[in-house]
Amino acid sequence: MLPRMERTFIAIKPDGVQRGLISEIVSRFERKGYKLVAIKLVVPSKQFAEKHYHDLKERPFFNGLCDFLSSGPVLAMVWEGEGVIKYGRKLIGATDPSKSEPGTIRGDLAVVVGRNIIHGSDGPETAKDEIALWFQPKELVSYTSNEEKWIYGVN
Ligand code: IDP
Ligand code: MG
């Protein structure tokens with residue numbers, strides 16, 4: 250991995266999967282120039298969903314949120330790139346789709362906060378923890394993309 254590279258955890262929630270939005274969402278990250286290093290379709294248990302959202306356990310919507318995340322297939326991914334943690338959140342848009350800008354994933358493709366179709370790590374620490382929760386180290390694939398020299402320049 251090049252020195253300034255970061256990795257973030259991105260997941261398409263059950264509503265995004267059921268609505269047939271996998272290819273649309275994956276293509277936005279791919280076309281931006283980020284590199285996919287892990288991907289799998291999983292139905293998380295409620296207990297697993299509670300671990301993923303442990304920071305929110307005092308919030309009134311916590312139980313419903315964990316029921317929802319564990320209600321069907323989730324597309325779990327790790328994306329790599331320079332600044333991908335912060336910029337990935339920009340691509341995703343604000344938590345509440347009614348406040349997300351047009352052009353963002355939630356702004357273009359979702360309507361209400363309880364069904365906002367995608368998750369993205371909110372900082373370097375959560376990215377590290379979430380990648381470790383969802384993936385075993387051997388599931389992360391390190392490879393050189395032929396596009397890297399065109400995306401980052403050669404130096
Ligand atoms: P984020 O997904 O943009 O990081 P968080 O505040 O971490 O937003 O909340 C996690 C998830 O909890 C949101 O994506 C959304 O699905 C859900 N959520 C957040 N706030 C509310 C709410 O007020 N009502 C219902 N669900 C909420
Ligand atoms: Mg969050």
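If you're matching positions, the sequence shown starts at 250 in the working numbering and goes up one per residue.
Note that beta-carbon positions come from the ideal geometry of N, C-alpha and C, so glycine has one too.
Quick caveat: nothing in here was measured; it's all calculated off a predicted structure.
1) Helix or strand or just coil, what does DSSP make of R280?
2) Is the CB-CB distance between I367 and I380 below 8 Å?
3) What are the start and end residues of each continuous alpha helix (DSSP H) run of 4 or more residues lying completely inside the segment 254-299, in chain order?
4) Between A298 and L318, is the Cβ-Cβ spacing less than 8 Å?
5) Just to confirm, are G330 and G282 a CB contact at a threshold of 8 Å?
6) Kindly indicate the opening and closing residues of the beta strand (DSSP E) around L324.
7) If you follow the beta strand (DSSP E) that I367 is in, where does it begin and where does it stop?
8) Go ahead and pull the three-state DSSP assignment for V361.
So, to answer that:
1) helix
2) no
3) 263-267 and 271-281
4) yes
5) yes
6) V323 to E331
7) I367 to G369
8) coil
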